[in-house]
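A quick write-up on the structure given underneath.
Protein chains: 4
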Amino acid sequence: MSNSAMKYHEPSSSDDQEKRRGRPRSETSKKSILNAVNRLLLLTSVKDLSIEAIAKKAGVGKTTIYRWWPNKVAVVLDALLYQLGNTPALPTSATKAEAITNQLERFMRLLKGKNGKILIEVMAEAQANEETLTLFYENFMLQHEETLANLIEDGKENGEFRKEISTALAVDMIYGSIVYRLMSGAETLDQDFTTNLPLEALNILQK
Amino acid sequence: MSNSAMKYHEPSSSDDQEKRRGRPRSETSKKSILNAVNRLLLLTSVKDLSIEAIAKKAGVGKTTIYRWWPNKVAVVLDALLYQLGNTPALPTSATKAEAITNQLERFMRLLKGKNGKILIEVMAEAQANEETLTLFYENFMLQHEETLANLIEDGKENGEFRKEISTALAVDMIYGSIVYRLMSGAETLDQDFTTNLPLEALNILQK
Amino acid sequence: MSNSAMKYHEPSSSDDQEKRRGRPRSETSKKSILNAVNRLLLLTSVKDLSIEAIAKKAGVGKTTIYRWWPNKVAVVLDALLYQLGNTPALPTSATKAEAITNQLERFMRLLKGKNGKILIEVMAEAQANEETLTLFYENFMLQHEETLANLIEDGKENGEFRKEISTALAVDMIYGSIVYRLMSGAETLDQDFTTNLPLEALNILQK
Amino acid sequence: MSNSAMKYHEPSSSDDQEKRRGRPRSETSKKSILNAVNRLLLLTSVKDLSIEAIAKKAGVGKTTIYRWWPNKVAVVLDALLYQLGNTPALPTSATKAEAITNQLERFMRLLKGKNGKILIEVMAEAQANEETLTLFYENFMLQHEETLANLIEDGKENGEFRKEISTALAVDMIYGSIVYRLMSGAETLDQDFTTNLPLEALNILQK
DNA sequence: CTTTAACCGAGACGGTACGTCGTGTCTTAAC
DNA sequence: GTTAAGACACGACGTACCGTCTCGGTTAAAG
């Protein structure tokens with residue numbers, strides 16, 4: 000997984016061979032914008048964060064932000080991915096069950112503390128607009144869902160898991176429980192939850 | 000379930016014996032506000048809905064809205080509960096498993112079409128503010144969660160369900176999957192989901 | 000001169016012989032309203048004074064104020080007259096010139112300090128509305144103007160003053176200079192002004 | 000006299016050598032605001048004029064008005080000066096007496112009709128606030144007062160006028176009578192007043 | 001000694017305007 | 001051609017008062 004999946008994150012598409020005329024995009028500006036967002040999110044909610052505040056904090060014109068991102072959610076999502084950084088590939092596991100456990104624990108660790116809160120706020124803000132929702136879903140959730148779905152499918156094939164279960168539904172129940180828990184007001188995922196979720200997840204799938 | 004649970008819905012608290020002075024709250028205004036919200040939500044998202052638009056549509060001063068509700072989410076939630084109306088008590092079921100199936104099907108039917116969309120938008124809007132989140136959770140989700148949790152606990156006691164499973168986690172997985180599905184961009188809950196969810200829910204619990 | 004000239008000050012008109020049925024006007028309320036206004040005017044300008052603030056300060060319903068006065072200016076004017084109190088009749092003077100000097104000094108003493116400021120603010124507020132302007136003029140300025148005009152006319156007749164001068168214009172110049180001085184930002188009328196005005200006033204008139 | 004005296008009228012201060020960054024102030028907006036005010040004042044009083052109405056009429060955001068003027072009075076005063084336009088310098092007169100007559104007749108002609116009403120309303124509105132009062136006084140009355148005061152002083156020196164008279168008081172009496180007359184409800188200055196005032200003014204001064 | 005009428009306080013009502021904030025766009029000069 | 005700066009039209013915010021209304025209650029004269 001890499002955050003290079005993000006549309007607005009990479010200034011030039013891979014096949015952009017022709018030299019662009021004029022002043023090139025300032026990498027400094029981009030970084031100071033993403034950093035400004037991350038610093039501001041320590042103090043305010045995504046809702047209360049404004050493009051103007053970001054521009055001011057980053058010492059950047061509003062135009063520069065609007066040129067590269069379509070709206071606030073897109074910037075924040077980018078900033079979140081930028082801050083989370085590249086996640087190393089998972090070590091191979093002996094069984095799919097073990098792999099799933101690893102995968103879920105890694106995901107939940109990612110959302111410990113402030114990050115979980117921000118993610119949920121981004122997801123919430125994204126609801127207002129179809130396009131933004133797609134943006135969020137495809138740049139963040141989709142890769143996690145796909146990884147899990149593949150592990151489940153593999154487990155079904157190799158006999159670890161029940162074949163009758165709907166993979167899509169299982170994925171919804173697992174990631175849904177995490178999201179829902181965070182959305183219900185839980186400041187963070189507690190110990191009880193993080194230990195029990197993988198166990199119950201396997202309970203649905205196995206035998 | 001009754002919408003009388005809503006804080007702002009009932010003008011006088013039950014133990015309000017002392018005669019209220021001054022002009023009493025206008026029931027007409029209250030109703031026209033809630034109706035205006037419901038009519039407007041057919042055309043716009045919760046995000047794009049404004050207090051000013053509600054006031055205008057309802058033929059009411061903005062002050063009147065702010066007098067009785069602290070913010071937009073509270074009005075919309077109230078309007079949603081007002082529109083859903085009182086839900087009749089569930090018929091008793093032979094087994095807890097059957098009761099849970101009924102309960103879930105009823106819940107999902109509630110969220111068919113526009114209502115599901117609105118609920119999710121309300122939940123999303125509520126994320127920005129601790130107080131509003133509590134308001135939403137306690138006036139809507141909590142009662143559903145409690146009903147389900149009680150059924151699960153009863154089922155554990157009478158031997159229908161496994162005792163090892165965490166009731167709280169099961170509830171999160173079940174309602175979480177519904178919420179998450181709607182939040183991922185699904186316009187509505189499809190046939191596949193609505194039939195499979197109760198089955199899988201019981202799969203986690205039973206044996 | 001008496002402030003009984005004020006329309007709203009006296010609860011019953013002189014020829015109102017028939018006893019009114021129902022609860023009579025509360026003198027207590029009237030006084031607490033006028034007192035409230037005077038106390039509030041020590042802290043705020045007439046512009047910033049609100050009917051609601053008066054009602055609250057006086058411990059009175061807004062309705063009670065609106066029942067007896069048509070608007071803010073009327074109440075404030077009444078409160079001002081109430082606070083200034085009844086002015087004793089002038090002692091007779093040997094000459095009209097002396098009488099005018101007395102009259103002007105008395106008028107300027109009336110407007111020393113806060114009162115001058117308030118009067119000017121009332122006059123200013125009254126400009127917005129024809130009716131209120133008439134109210135102010137007839138209940139306050141007119142009596143002063145008439146007194147001065149009569150003295151001037153008398154002086155013309157007995158040979159003290161020039162007959163060619165326009166009485167109305169002289170009155171305008173004299174009272175106008177006071178009002179204008181206060182309106183130009185002077186906190187109060189200074190010693191120089193108060194001593195010189197009567198002298199110059201007579202200069203216009205005499206010979 | 001020139002309306003360039005007005006603080007908010009001129010976009011750049013005289014010694015502003017450093018090139019201004021960002022989008023420059025829109026002259027179009029400024030003009031349409033001032034024009035809107037003048038058009039609206041034909042229909043309503045200064046009191047009833049609202050910033051929102053001006054913005055709407057001018058096709059301009061409220062912010063744009065607030066960016067350049069601190070309050071309603073400032074805009075209206077500016078609009079009044081804009082409408083009155085630049086007044087040509089006075090032709091030289093043989094005597095100071097003649098010059099004063101010219102000066103007063105010119106001033107009174109300026110206030111004929113609607114303008115006098117508006118001026119008085121502006122002056123009235125300005126009373127509520129120290130700063131606004133200064134704004135009005137220094138941008139409008141002061142120049143007239145100074146011109147008259149200079150003529151009087153010159154006349155005293157060349158022997159036309161009495162040396163004993165207080166220049167300041169004379170100015171107050173002259174301009175005060177005009178203002179006071181307009182404030183007392185006179186729709187406009189009548190023939191009688193406009194012909195007599197200069198005569199009596201000289202009467203005070205001469206011999 | 002009850003009825004009736006006008007008053008009173010409290011406070012909710014439909015409105016209007018306030019002054020502020022944020023949006024996304026546009027217009028400069030600088031680089 | 002991009003950038004920082006910042007003005008622009010617009011829309012909504014939440015608040016303050018306006019003047020009106022609707023309650024329960026009080027106070028006195030009339031019946």
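Sequences listed follow chains V, B, Y and U, in order.
So that you can map any letter, position 195 of the first sequence is 194 in numbering that gives the first Met the number 0, and since no number is skipped, the others follow by simple counting.
So that you can map any letter, position 65 of the second sequence is 64 in numbering that gives the first Met the number 0, and since no number is skipped, the others follow by simple counting.
So that you can map any letter, position 139 of the third sequence is 138 in numbering that gives the first Met the number 0, and since no number is skipped, the others follow by simple counting.
So that you can map any letter, position 205 of the fourth sequence is 204 in numbering that gives the first Met the number 0, and since no number is skipped, the others follow by simple counting.
We put the beta carbon where it would ideally sit given N, CA and C, even for glycine.
Computed from a predicted structure; not experimentally measured.
Check, Outcome
"Near-chain U residues of the segment 188 to 204 of chain Y (beta-carbon distance less than 8 angstroms), N- to C-terminal order", "Asp-191, Phe-192, Asn-195, Leu-196, Glu-199, Asn-202, Ile-203"
"Residues of the segment 130 to 163 of chain Y with Cβ closer than 8 angstroms to any Cβ of chain U, in chain order", "Leu-132, Thr-133, Tyr-136, Met-140"
"Assumed close pair B:Ala-35, B:Ala-57 - CB separation to whole angstroms, cut-off 8 angstroms", "4 angstroms"
"Contacts that Y:Arg-180 makes with chain U (C-beta to C-beta distance below 8 angstroms)", "Asp-171, Gly-175"
"Contained beta strand (DSSP E) runs [length at least 3] in the segment 127 to 174 of chain V, N- to C-terminal order", "none"
"Residues in the segment 70 to 98 of chain Y having any Cβ partner in chain U nearer than 8 angstroms", "none"
"The segment 164 to 175 of chain U touching the segment 73 to 85 of chain U, judged by at least three CB pairs closer than 8 angstroms", "no"
"From V:Gln-102, V:Thr-193, V:Ser-44, V:Gln-205, residue whose alpha carbon lies closest to that of V:Lys-111", "V:Thr-193"
"Between the CA atoms of V:Ala-98 and B:Asn-101 - distance to the nearest angstrom", "35 angstroms"
"Anticipated Cβ contact below 8 angstroms, Y:Gln-126 with U:Glu-120, distance rounded", "6 angstroms"
"Length of the line joining the Cα atoms of U:Thr-187 and U:Ser-176", "13 angstroms"
"Spatially closest choice to V:Lys-30 from V:Phe-135, V:Ile-64, V:Asp-153, V:Lys-71, by CA coordinates", "V:Ile-64"
"One or two residues paired with B:Gln-205 in a DSSP bridge", "B:Phe-160"
"Of the residues U:Leu-181, U:Lys-116, U:Thr-133, U:Leu-201, the one placed nearest U:Leu-40, counting alpha carbons only", "U:Lys-116"
"CB contact below 9 angstroms: Y:Ala-127 versus chain U", "yes"
"Other residues of its chain near U:Lys-61: CB distance less than 7 angstroms, five sequence neighbours each side excluded", "Ile-50, Glu-51, Ala-54"
"Proximal residues of chain B, C-beta to C-beta of V:Glu-120 below 8 angstroms", "Gln-126, Ala-127"
"Residue nearest to B:Lys-113 in terms of C-alpha spacing, selected from B:Ala-185, B:Arg-19, B:Glu-144", "B:Ala-185"
"Any chain V beta carbon closer than 9 angstroms to B:Lys-46", "yes"
"Contact with chain Y by U:Asn-184, beta-carbon distance below 9 angstroms", "Just to set this straight, residue 184 of chain U is Gly in the shown sequence, not Asn. Chain Y contact via Cβ: present."
"Closer than 9 angstroms to chain Y by CB, U:Ala-123", "yes"
"Short CB-CB distance (under 9 angstroms) between U:Leu-109 and chain Y", "no"
"Rounded distance between the beta-carbons of U:Leu-109 and U:Leu-83, thought under 8 angstroms", "7 angstroms"
"Rounded separation between V:Asn-70 and V:Val-45 - CA only", "12 angstroms"
"4-residue-minimum alpha helix (DSSP H) runs that sit fully inside the segment 3 to 84 of chain U, ordered along the chain", "26 to 39, 50 to 57, 61 to 67, 71 to 83"
"Within-9 angstroms CB hit, Y:Ser-165 to chain U", "yes"
"U:Pro-197 - DSSP class collapsed to helix/strand/coil", "helix"
"Three-state secondary structure assigned by DSSP to U:Thr-100", "helix"
"Pick from Y:Trp-68, Y:Met-172, Y:Asn-128 that is closest to Y:Ile-203, judged by C-alpha positions", "Y:Met-172"
"CB contact below 9 angstroms: Y:Ala-4 versus chain U", "In this prediction, Y:Ala-4 has a pLDDT of 39, which is less than 50 and means its spatial position is unreliable; what the coordinates show is noted afterwards. Chain U contact via Cβ: absent."
"Close-in-space but distant-in-sequence residues of the same chain around V:Arg-38 (CB under 8 angstroms, 5 per side omitted)", "Lys-56"
"Which listed residue (V:Asp-153, V:Asn-157, V:Ser-28, V:Met-122) has its alpha carbon closest to that of V:Phe-139", "V:Met-122"
"Chain V within 9 angstroms of B:Leu-168, Cβ atoms only", "yes"
"Local conformation of B:Met-0 per DSSP, three classes", "Note on B:Met-0: pLDDT 40, under 50, position unreliable in the model; no value is reported."
"Beta-carbon gap between B:Ala-96 and B:Leu-201 smaller than 9 angstroms", "yes"
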